[in-house]
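Taken in order, these protein sequences are the chains called A and B. By the working numbering, the letter at position 26 of the first sequence is numbered 16, and the numbering carries on one by one without gaps. By the working numbering, the letter at position 66 of the second sequence is numbered 56, and the numbering carries on one by one without gaps. Virtual Cβ for every residue (Gly too), placed ideally from N, Cα, C. Take a look at the structure below.
Number of protein chains: 2
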Amino acid sequence: MSIIPRMDKKLKPSATRKRFALNLRKTREQLGLSQEALADAAGLHRTYVGSVERGERNISIDNIERLALALGVSPDSLLEEPKK
Amino acid sequence: MSIIPRMDKKLKPSATRKRFALNLRKTREQLGLSQEALADAAGLHRTYVGSVERGERNISIDNIERLALALGVSPDSLLEEPKK
């Protein structure tokens, strides 16, 4: 019956999405991989990886797994709040 | 050029999806919530939550966030490998 807090979910990109975007970029850069190299390794398109890193995509759990496998990290680590 | 390991990704539900499904159900049951109560709290449909808990859905990061917020846990905790 309560649908009160839904509106703003549609308007702002989710915090988790932004966190994932930042973690993805950081991990990729630490490995010295280009977006294209990561995309190839994960079986995804380069422009898709770019838009995920900008927080523009509502990425699915299967694609989160693909990117984590390609980076050699656990999927949950890409959703973690950055330490520090 | 290489599209070798893609086929089986389509056939089997991903390990991460199954892990999420199990963690979601476990956390929900620990809180004594029904699928319907969780769905209401997260702004999702009851049948959708049921299919996510069976690993049938390629859930998006925004919906992972909604469920985690409704359960009061961090999104990454729902993707973690179970301890023990």
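What separation, rounded to the nearest whole angstrom, lies between the Cα atoms of residue i and residue j?
i	j	result
V85 (chain B)	R56 (chain B)	For chain B, the structure presents residues -9 to 74; residue 85 (chain B) sits outside this window and is missing.
L34 (chain A)	L23 (chain B)	37 Å
R18 (chain B)	Q25 (chain B)	8 Å
D66 (chain B)	L12 (chain B)	14 Å
L61 (chain B)	A27 (chain B)	10 Å
R36 (chain B)	N48 (chain A)	21 Å
P72 (chain B)	E71 (chain A)	19 Å
I54 (chain B)	L21 (chain A)	27 Å
G45 (chain A)	E46 (chain B)	25 Å
S41 (chain A)	S41 (chain B)	28 Å
Which one or two residues does DSSP pair with residue i in a beta bridge?
i	result
S50 (chain B)	A:S50
State yes or no: is the C-beta of residue i within less than 7 Å of the C-beta of residue j?
i	j	result
F10 (chain A)	L69 (chain A)	yes
V39 (chain A)	A29 (chain A)	yes
R15 (chain A)	E43 (chain A)	yes
S4 (chain A)	D52 (chain B)	yes
Is there a Cβ of chain E sitting closer than 7 Å to that of residue i, yes or no?
i	result
R36 (chain B)	Among the protein chains of the structure shown, namely A and B, there is no chain E.
Less than 7 Å between CB atoms is the rule here; does residue i satisfy it with respect to chain A?
i	result
E43 (chain B)	no
P65 (chain B)	yes
L1 (chain B)	Only weak support exists for where L1 (chain B) lies, its pLDDT of 44 falling under 50; the value from the coordinates is given anyway. With 7 Å as the cut-off, L1 (chain B) does not count as an interface residue toward chain A.
Please tell me whether residue i has its Cβ less than 7 Å away from any Cβ of chain B.
i	result
L61 (chain A)	no
L28 (chain A)	no
L69 (chain A)	yes
Mind listing which residues of the segment 14 to 25 of chain A have their C-beta closer than 9 Å to chain B's C-betas, in chain order? none
Interfacial residues, the segment 46 to 57 of chain A to chain B, with Cβ spacing under 9 Å: Cβ contacts with chain B: R47, N48, I49, S50, I51, D52, N53, I54, E55 and R56.
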